[in-house]
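Engineer:
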Amino acid sequence: MPKTRPGKPQLPIARRGLLVGATTLGATVATPHLVRAAGEVTLRFWTSQGAPVQMAAWKNIFRRFEKNHPGFKVAIELYSDDDLWTKLSAAFAARDLPDLISYVQAYTVATLAAQDLVEPFDDVIKAVGENDFYPGMRDIYKYNGHYIAATYNNQTSSNLWYRTDLLSLAGLAPPQTWDDQLKAAKAMTKGTIYGNSLPYGRTSMTSTMMVNFVHQAGGLVVNPDGSVGFGSPATIAALEFLRAIFPYAPPGATNYSWGEVLNSFVTGRAAMAPYTGRPIGIIAAQNPKLLDHISVVAYPWRASGHPAFDVPFNSLFIPKGAPHVAAAKELAIALFQKQNYLEFLLTAPGHNLPSLKSIAAAPEFWSHPLIKKFRPQVELMIKNTAAGRNLVKETDASPYNLKAGDIFNSGVLAETLQDVVVNKLPPSQAAARGADKIANLLKA
Amino acid sequence: MKQAQLGREQLLGLGLLAPTLILFILLIGYPLVDSLYLSLQRTSTLTLASHFVGLGNFRALFGDPEFWAAFAHTLVWTAGTLTLQLVLGVGMALALHGPLFARSLARGLVLFPYLLPTAVAVLVWRWLFNDLYGFLNYALIALGIVAHPVAWLSRTPNAMISVIAVGAWKFFPFVVIAVLARLQSIPETLYEAASIDGASPLAQFWDITLPQLSGVLAIVVLLRSIWDFKEFDLVYLMTGGGPGTSTETLPILVYREAFQLLDFGRGAAVAVAMLAFLLVPFAAYFVVIRRLESRGT
Amino acid sequence: MIRTFGRILKNLAVWAVVLAIVFPLLWMISTSLKPDSETFALPPTLLPLHPTLVQFRRLFAQTPFAVYFINSVIVSVATTAIVIVVALAGAYALVRFRFPGRQMMAQLTLVTYLLPTTVLLLPLYVLIARVGLANSLFGLALAYVTFTLPFALWLLRSFLVGIPVDLEEAAMVDGAGRIHAFVEIVVPQALPGIISTALFSFILSWNEYLYAMVFINEDARKTLPPGVLTMLNQNQNVQWALLMAASVVMALPLVIVFSFLQGHLSRGFGAGAVKG
Chain A
421 MPKTRPGKPQ LPIARRGLLV GATTLGATVA TPHLVRAAGE VTLRFWTSQG
471 APVQMAAWKN IFRRFEKNHP GFKVAIELYS DDDLWTKLSA AFAARDLPDL
521 ISYVQAYTVA TLAAQDLVEP FDDVIKAVGE NDFYPGMRDI YKYNGHYIAA
571 TYNNQTSSNL WYRTDLLSLA GLAPPQTWDD QLKAAKAMTK GTIYGNSLPY
621 GRTSMTSTMM VNFVHQAGGL VVNPDGSVGF GSPATIAALE FLRAIFPYAP
671 PGATNYSWGE VLNSFVTGRA AMAPYTGRPI GIIAAQNPKL LDHISVVAYP
721 WRASGHPAFD VPFNSLFIPK GAPHVAAAKE LAIALFQKQN YLEFLLTAPG
771 HNLPSLKSIA AAPEFWSHPL IKKFRPQVEL MIKNTAAGRN LVKETDASPY
821 NLKAGDIFNS GVLAETLQDV VVNKLPPSQA AARGADKIAN LLKA
Chain B
22 MKQAQLGREQ LLGLGLLAPT LILFILLIGY PLVDSLYLSL QRTSTLTLAS
72 HFVGLGNFRA LFGDPEFWAA FAHTLVWTAG TLTLQLVLGV GMALALHGPL
122 FARSLARGLV LFPYLLPTAV AVLVWRWLFN DLYGFLNYAL IALGIVAHPV
172 AWLSRTPNAM ISVIAVGAWK FFPFVVIAVL ARLQSIPETL YEAASIDGAS
222 PLAQFWDITL PQLSGVLAIV VLLRSIWDFK EFDLVYLMTG GGPGTSTETL
272 PILVYREAFQ LLDFGRGAAV AVAMLAFLLV PFAAYFVVIR RLESRGT
Chain C
118 MIRTFGRILK NLAVWAVVLA IVFPLLWMIS TSLKPDSETF ALPPTLLPLH
168 PTLVQFRRLF AQTPFAVYFI NSVIVSVATT AIVIVVALAG AYALVRFRFP
218 GRQMMAQLTL VTYLLPTTVL LLPLYVLIAR VGLANSLFGL ALAYVTFTLP
268 FALWLLRSFL VGIPVDLEEA AMVDGAGRIH AFVEIVVPQA LPGIISTALF
318 SFILSWNEYL YAMVFINEDA RKTLPPGVLT MLNQNQNVQW ALLMAASVVM
368 ALPLVIVFSF LQGHLSRGFG AGAVKG
């Protein structure tokens, strides 16, 4: 598509030039968005992964695709978590949809599936290899007998990254239960260091972590029979723990989301923080002197609860109404092709965890220098992620929760936590309020 | 001959006005009416499927404490930032009107916050307010004014105060421009006469400057109050409405209802409620303009 | 003696306030010249210890910033051009011609500002998409016209009201047509008002975030505000120095140009606004 760049016009002082200038500008700028050479098709690909190293990987992958599929071009369109719903709504409303959407979480896909806004994905799953997928990561997207999406890669923020040097200075072992974690947070908070970084803001990370905490306390957000589990003693215990450990978080924690939590840990100001493997790559690049002093354990759980791992099941799916469904499926299959798949996974080594067994066993995956260095940690995170669940299906006995997206997007999970630490409500009251809101959402 | 010319004149006039009218009706009128219509529906933002609920959205809204809280927050935000904008704006305009070293440079520099895209202003202030590395906290601690880092945006009422202050910083140059222009057209002779009569500078300000400024101040107050009331970008990008909902203003509530709770009808209803409220300053504007016009020309 | 001292004090006080207002700009520039490691140094340094241009190099080499910049220029200039032409014609019509409804239209121009942008967003987007202008800079410019045109019309009208009609009438008596009189006489007189209107429209378009974020999906067509903010929200470590470099490049050109033209800005607003 020709990208015309008019020379910057003078300020409209010339009288006759005014009208001429305006029309010329209008004409050059009004390139309708799908003018192509005859026969050439552009596939629109949505992703939230737009860091420079990832954009470079996407471009390589798509160049290979374009070579293998002459007549097709792929255009990358970036979104961020905060504006996904706005853009998606606008796209559906205007019937102006992309061909393939990536990195959307399971509960979002569920919301769309509930409104019949997703194309069947069986062809892609079969072409990639139905049995090559980890069963959990494959079946999470089975709905009404069809596959509606594929898990492209996975993470879990239910890993606790910690500073080995600070922990040994405090004479403590890596925490296993919440009580251990509270003790460690207190001991490591001194000087300019905060013992424990957590998101307490009304953000997507907080909501994600809340699902973890409720599960780790032994509870559920929605029970298998469809009733609300959020008002249970387990939730109250989780809120009490989060309130107890709040003083050891950085002062801005009530606004924290992903970027801020990560930043506090990789710059060395927080001794503990939840994340998948991103700290590895970022510390290596931006704060290498910390690289030998970090390690990870499963996120601590309530003593009477159990370890729990919420995972997003980052998806690939085709929205209903996409202009080029068949080609989009080809593109999706290409993304799972070994060379392409590895190239993308390794843009965030140790953070993007594969959903295909063959790739998880591939020597090329493990030979990346950072993954090699942190092999035990990455293996642990893969193990944790494989046991992961999502709000969409909290237990094996739970049915597919189509309202999971509504629950998440309404912010009720994060709001409940904010009620406790910002509005100073007693946990029992906050949990009851949250449970009421969820009940209303389930009813609506 | 004159009749024909008059008819041609009218046509020419309407012709010149036509593009404006077309754009208004198409791009402003239609979405406005559509929004009013949608406020009477239960509409899913995702599918735009809707069914008529009459005043149901409004009834639910007026019974919802979150709506009234957002309304209160909007009033606090608007009143707070507008007052600061006026005080800072008039003060700075007066300072830039009189003799000043490198006055042209000062006038240019003072415009800076207004020129900045809101997105950039928010980035810079969030960086200044940063809890771990922000310069403000460091300076305050170094000067011994506070002992611990201040949570500028993550505690109440700090967040609202911070947002009001940044809003004032961002938009006060608008007031400066308007007031400075008016100051430059007040005849010097008025002040000279007053000095001869022995009036103090303060008295001159009260008796000469302020009355002369009343016209432009009325307009500035009305425009800025409408624009501040409607402001979405600045508050949303600074705090997202948080912590909790302590900085959630009505525009943010519209956005939340429409694009996070995916209930477009309710979002439209909040917007219509905002419009109804804004009719008050707007009506006041008409009254003031009419009075000024009858007094002036 | 005391008077000079008082004047020096006044100068110092005013300049202290000006510098306080401008401090964020200085801090922005300072941070943009720091390497990443120094950005997170404690205590934070006012002046960079190891000033470097690496952030700017990264900005243009590794991010699509240059593309965003060009797109912002295109959209802002397009919006301004459309608005000037349409508003000037419309304001002239409202001021010089008599036709029914003239007064009412003049007074209703600002009503359009009463509804918040977040709600106009979706119907407007659907409209623009239906004519095939979704994801296009021209579509975005049209959207921007919706909130710049009313103010431009109001501003230009109040400015034109202050221009005496005698000169045009004299020219027309001499045989010049209406349009000719307009172009040769009115436009030069109205120039300060036109420039003010142009600057206000440009600023409003350059700064806008929400519509740009929704209307434009393709990265190659993004404008600066959503483009730069997406860089912030990449779920990764927030790279403040890079963001400050982006902020500097977004802000400085405007500041420099407008410092020179700020005289026109005041004049444009002044004469018109006074008469209301």
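Chains as they are written, first to last, in the working numbering: chain A, 421 to 864; chain B, 22 to 318; chain C, 118 to 393.
Positions of the beta carbon are idealized from the N, C-alpha and C atoms, including for glycine.
1. Nearest chain A C-beta to Arg203 of chain B closer than 8 Å, yes or no?
2. Under 8 Å between C-beta atoms, does Ala782 of chain A make it to chain C?
3. Just to confirm, are Phe226 of chain B and Gly110 of chain B a CB contact at a threshold of 8 Å?
4. Classify His94 of chain B: buried if its beta carbon has 16 or more other beta carbons within 10 angstroms, exposed otherwise.
5. So what does DSSP say about Thr836 of chain A, is it helix, strand or coil?
6. Please state if the CB of Ala195 of chain C and the CB of Asp516 of chain A are separated by a distance shorter than 8 Å.
7. Which same chain residues end up closer than 6 Å to Ala526 of chain A when comparing Cβ atoms and leaving out the 5 residues on each side of it in sequence?
8. Under DSSP, the alpha helix (DSSP H) around Thr462 of chain A begins and ends at which residues?
9. Note down the Cα distance separating Ala673 of chain A from Leu103 of chain B, rounded to an integer number of angstroms.
10. Tell me whether Gln172 of chain C sits in a helix, a strand or coil according to DSSP, three-state version.
11. When the distance is taken between beta carbons, is Ala604 of chain A closer than 8 Å to Val634 of chain A?
12. Along chain C, which residues have their Cβ under 9 Å away from the Cβ of Gln706 of chain A?
13. Short of 7 Å in beta carbon distance, which residues of its chain neighbour His788 of chain A, apart from the five on each side in sequence? Order them along the chain.
14. Please determine, among A:Phe794, A:Glu763, A:Val642, A:Val681, the residue with the shortest C-alpha to C-alpha distance to Leu862 of chain A.
15. So what does DSSP say about Phe650 of chain A, is it helix, strand or coil?
16. Contact criterion: CB-CB distance below 8 Å. Does Ala251 of chain C meet it with respect to chain A?
17. Counting only beta-carbon atoms, is Leu174 of chain B nearer than 8 Å to chain A?
18. Using a Cβ-Cβ cutoff of less than 6 Å, which residues in the same chain neighbour Phe666 of chain A once the five nearest sequence positions on both sides are dropped?
19. If you check the beta carbons only, do Leu837 of chain A and Leu662 of chain A fall under 8 Å apart?
20. What three-state label does DSSP hand Val308 of chain B in the structure shown?
21. Near Arg583 of chain A, what residues of its chain come up, given a Cβ to Cβ distance below 6 Å and the 5 sequence neighbours on each side ignored?
22. Can you give me the Cβ contacts of Phe150 of chain B inside the same chain, cut-off strictly under 7 Å, excluding the 5 residues immediately before and after it?
23. What is the rounded straight-line gap between the Cα of Met629 of chain A and the Cα of Gly262 of chain B?
24. Closest by CA to Asn188 of chain C, which one among C:Ile333, C:Leu129, C:Leu371?
25. Can you tell me which residues form a DSSP beta bridge with Pro694 of chain A?
26. Have a look at Tyr523 of chain A and His744 of chain A and give me their C-alpha separation to the nearest angstrom.
27. Taking beta-carbon pairs under 9 Å, can you tell me which members of the stretch 43 to 76 of chain B lie near chain A?
28. Cutting at 6 Å between CB atoms, please list the residues of its own chain near Gly155 of chain B, excluding the five before and the five after it.
29. For Lys606 of chain A, which of helix, strand or coil comes out of DSSP?
30. Counting only beta-carbon separations shorter than 8 Å, does Thr674 of chain A have a partner in chain F?
31. Under a CB-based cut-off of 8 Å, is Gly219 of chain B close to chain C?
32. In whole angstroms, give me the CA-to-CA distance for Phe512 of chain A and Leu580 of chain A.
33. What are the complete alpha helix (DSSP H) segments, minimum 4 residues, inside the stretch 720 to 770 of chain A?
34. So with CB distances below 7 Å, who are the chain A contacts of Asn324 of chain C?
35. Leu257 of chain C to Met330 of chain C, Cα distance in whole Å?
36. Leaving out the 5 sequence neighbours to the left and right, which residues in its chain are closer than 6 Å to Tyr567 of chain A when beta-carbon positions are compared?
Structural biologist: So, from the data block:
1. Here the question's residue 203 of chain B lines up with position 182 in the second sequence. Cβ-Cβ to chain A under 8 Å: no for Arg203 of chain B.
2. Within the first sequence, residue 782 of chain A is the residue found at index 362, counting from 1. So no, Ala782 of chain A is outside the interface.
3. Position 205 of the second sequence, counted from the first residue, corresponds to residue 226 of chain B. Position 89 of the second sequence, counted from the first residue, corresponds to residue 110 of chain B. Cβ atoms of Phe226 of chain B and Gly110 of chain B: not closer than 8 Å.
4. Within the second sequence, numbered from 1, the residue matching residue 94 of chain B stands at position 73. By the neighbour-count rule (16 or more Cβ atoms within 10 Å), His94 of chain B is buried.
5. As a working mapping, residue 836 of chain A is identified with position 416 in the first sequence. Three-state result, Thr836 of chain A: helix.
6. Position 96 of the first sequence, counting from 1, holds the residue named residue 516 of chain A. Position 78 of the third sequence, counting from 1, holds the residue named residue 195 of chain C. In this structure, Ala195 of chain C does not lie closer than 8 Å to Asp516 of chain A by Cβ.
7. Translated into the one-based positions of the first sequence, residue 526 of chain A becomes position 106. Cβ within range, chain order: Ile560, Phe733, Asn810, Val812.
8. What you label residue 462 of chain A is simply residue 42 of the first sequence in a count that begins at 1. No alpha helix (DSSP H) holds Thr462 of chain A; the beta strand (DSSP E) holding it covers 461 to 467.
9. For the purposes of this step, residue 673 of chain A is taken as residue 253 along the first sequence, with counting starting at 1. For the purposes of this step, residue 103 of chain B is taken as residue 82 along the second sequence, with counting starting at 1. Roughly 30 Å between the two C-alpha positions.
10. As a working mapping, residue 172 of chain C is identified with position 55 in the third sequence. If DSSP states are grouped into helix, strand and coil, Gln172 of chain C belongs with the helices.
11. The residue given as residue 634 of chain A occupies position 214 in the first sequence. The residue given as residue 604 of chain A occupies position 184 in the first sequence. No, the Cβ-Cβ distance between Val634 of chain A and Ala604 of chain A is not below 8 Å.
12. In the first sequence, counting from the first residue as 1, residue 706 of chain A sits at position 286. Those are Asp153, Ser154, Phe157, Asn354, Gln356, listed as they occur along chain C.
13. Residue 788 of chain A sits at position 368 when you count from the first residue of the first sequence. So the list reads Leu766, Pro769, once near-sequence residues are dropped.
14. The residue labelled residue 862 of chain A in the question sits at position 442 within the first sequence. The closest CA to that of Leu862 of chain A, considering only A:Phe794, A:Glu763, A:Val642, A:Val681, is found on A:Val642.
15. Here residue 650 of chain A refers to the residue found at position 230 of the first sequence. Phe650 of chain A: coil per DSSP, three-state reduction.
16. Numbered from 1 along the third sequence, position 134 holds the residue referred to as residue 251 of chain C. Yes, because at least one Cβ of chain A sits closer than 8 Å to the Cβ of Ala251 of chain C.
17. In the second sequence, residue 174 of chain B corresponds to position 153, counting from 1. Yes, Leu174 of chain B lies at the interface with chain A (some Cβ there is under 8 Å from its Cβ).
18. The count along the first sequence starts at 1 and reaches residue 666 of chain A at position 246. Spatial neighbours of Phe666 of chain A in its own chain (CB-CB distance under 6 Å, excluding positions within 5 residues in sequence) are listed in chain order as Val841.
19. By 1-based counting over the first sequence, the position of residue 837 of chain A is 417. By 1-based counting over the first sequence, the position of residue 662 of chain A is 242. Yes, these two residues count as a Cβ contact at 8 Å.
20. In the second sequence, residue 308 of chain B corresponds to position 287, counting from 1. If DSSP states are grouped into helix, strand and coil, Val308 of chain B belongs with the helices.
21. For this step, residue 583 of chain A is matched to residue 163 along the first sequence. Around Arg583 of chain A: Ala691, His713.
22. Taking the first residue of the second sequence as position 1, residue 150 of chain B is located at position 129. Within the same chain, Phe150 of chain B has close Cβ partners Leu157, Trp173, Leu174, Ser183.
23. Counting from 1 along the first sequence, the entry for residue 629 of chain A is found at position 209. Counting from 1 along the second sequence, the entry for residue 262 of chain B is found at position 241. So the alpha carbons of these two residues sit roughly 20 Å apart.
24. What you label residue 188 of chain C is simply residue 71 of the third sequence in a count that begins at 1. Among C:Ile333, C:Leu129, C:Leu371, the Cα nearest to that of Asn188 of chain C belongs to C:Ile333.
25. Here residue 694 of chain A refers to the residue found at position 274 when the first sequence is read from its first residue. DSSP, once it has assigned bridges, lists A:Leu580 as partnering Pro694 of chain A.
26. Residue 523 of chain A sits at position 103 when you count from the first residue of the first sequence. Residue 744 of chain A sits at position 324 when you count from the first residue of the first sequence. Roughly 19 Å separates the two Cα atoms.
27. Ser65, Thr66, Leu67, Thr68, Leu69, Ala70
28. Position 134 of the second sequence, counted from the first residue, corresponds to residue 155 of chain B. The residues are Leu149.
29. Residue mapping note: residue 606 of chain A aligns to position 186 of the first sequence, counting from 1. Lys606 of chain A: helix per DSSP, three-state reduction.
30. Among the protein chains in the structure shown, which are A, B and C, there is no chain F.
31. The sequence position of residue 219 of chain B within the second sequence is 198, counting from 1. Residue contact check for Gly219 of chain B against chain C: no CB pair falls below 8 Å.
32. Indexing the first sequence from 1 puts residue 512 of chain A at position 92. Indexing the first sequence from 1 puts residue 580 of chain A at position 160. Approximately 38 Å between the Cα atoms of the pair.
33. 745 to 756, 758 to 765
34. Along the third sequence, read from residue 1 onward, the residue named residue 324 of chain C stands at position 207. Within chain A, no residue comes near Asn324 of chain C; the closest Cβ sits about 18 Å away, beyond 7 Å.
35. Translated into positions along the third sequence, residue 257 of chain C becomes position 140. Translated into positions along the third sequence, residue 330 of chain C becomes position 213. Near 10 Å, if we compare the C-alpha coordinates of Met330 of chain C and Leu257 of chain C.
36. For the purposes of this step, residue 567 of chain A is identified with residue 147 of the first sequence, where counting begins at 1. Answer for Tyr567 of chain A: Phe541, Asp542, Ile545, Tyr561, listed in chain order.
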